Structures are given as structure tokens and as C-alpha cells.
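Following: one structure in C-alpha cells, then a few remarks.
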Amino acid sequence: MSYEYSCGAVVFTRAGGGVRYVIIRSLEGVYGFPKGHMEPGETEEETALREIREEVGLNVRLIPGFRKVEEHPLPKKPGVIKRVIYFLAEYENQTIVPQPEELMSAGLMEYEEAMKAFQYENNRGILREAREFLEE
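In the numbering used here, the protein residues as written are 66 to 201.
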């Protein structure tokens, strides 16, 4: 069994009163969080920060104490497990700029809106855990 690693984050802002989350939509139409493959020599945190900058144009601050790991098999690569590490990150006073080569769109959603948009339960679980962490 081998692994492919990606890192990203549940990115949020408190602008406009409540907490809103940065949700991306891939070119395949799948909603999720900004994330991507680790480069050689990068830490998990460095990968997450770089991918967020590349995919949505934001410079974020990682929130200490939140790190979630999600794993799933890759149907097109038998024997390979994709391991995705998610952090929690906040930004202020910046504009989301989706990377057109990789994303159909990116924008802010409130919790309930994002939960309805996600096609995969694992994304709902990660968002649920992030929200609970922020409410502690």
C-alpha cells in the first residue's frame, strides 16, 4: 500500500459578522476546501499555505491545535491511498482570486450552505469539526 499526500485547510473569515468559509469548486464540479500535493522538502503546513495562496490568492494564518487527517482509496490508482491533512486557517481583508487553471469557482459560504453544497460526507465531517473547534 502506498500513499499520496495532500494538505490544505478549512479557511474562514469573520468579516460581516458571522463565520464564513472559503469553498472551492473544482473543474469537475466538486465542492471542497483548498488543498494540493506536497512538494519535496515541504512540511504539511508549508504545503497548505502554498496551496491556499495558489488556489484562492489568500495569505492565511493557521490556527494552532487543529489538524485532521482524511483517507480514501484512489479508484484510478489501485493500491494507492490518498491521505489529506486539513488545518484550520483564518484570513482578513483580502479578496478571493480563484486559480482558473484548477478551479471553476471559489467563494464564501455560511456553514449550512456549504454543508448542502458538499457532495462528499468527508468534507461535511471536516467542516463540522472545524466549526466545533471554533466554538470551543
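Built from N, CA and C at the ideal position, the CB exists for glycine as well. This one's a predicted model, so the numbers in the text were calculated from it and none came from an experiment.
Following the continuous alpha helix (DSSP H) through residue i, name the residue where it begins and the one where it ends.
i: residue 106; result: That residue, residue 106, is in no alpha helix (DSSP H); it is neither H nor E in DSSP.
i: residue 198; result: 186-200
Along the chain, where does the beta strand (DSSP E) that runs through residue i open and close?
i: residue 182; result: Residue 182 -> not in any beta strand (DSSP E); alpha helix (DSSP H) instead, spanning 176-182.
i: residue 86; result: 85-91
i: residue 80; result: That residue, residue 80, is in no beta strand (DSSP E); it is neither H nor E in DSSP.
i: residue 155; result: 145-155
Which same chain residues end up closer than 7 Å to residue i when comparing Cβ atoms and leaving out the 5 residues on each side of it in sequence?
i: residue 132; result: 150 and 152
i: residue 66; result: 144 and 146
Identify, in the order they occur along the chain, each residue of the same chain with its Cβ nearer than 6 Å to the Cβ of residue i, setting aside the five sequence neighbours on each side.
i: residue 68; result: 146 and 148
i: residue 98; result: 73 and 75
Does DSSP classify residue i as helix, strand or coil?
i: residue 125; result: coil
i: residue 112; result: helix
i: residue 135; result: strand
i: residue 69; result: strand
Measuring straight from C-alpha to C-alpha, what distance separates residue i and residue j?
i: residue 144; j: residue 104; result: 21 Å
i: residue 156; j: residue 78; result: 5 Å
i: residue 101; j: residue 125; result: 16 Å
i: residue 84; j: residue 106; result: 33 Å
i: residue 141; j: residue 82; result: 43 Å
i: residue 178; j: residue 128; result: 23 Å
i: residue 88; j: residue 130; result: 22 Å
i: residue 198; j: residue 118; result: 23 Å
Answer yes or no: do residue i and residue j have a C-beta to C-beta separation smaller than 8 Å?
i: residue 168; j: residue 71; result: no
i: residue 184; j: residue 95; result: yes
i: residue 187; j: residue 111; result: no
i: residue 162; j: residue 190; result: no
Please return the same chain residues whose Cβ sits closer than 8 Å to the Cβ of residue i, not counting the five positions on each side in sequence.
i: residue 165; result: none
i: residue 115; result: 101, 104 and 107
Is residue i close to chain E? Criterion is C-beta to C-beta, closer than 8 Å.
i: residue 116; result: No chain E is present in this structure, which holds just one protein chain.
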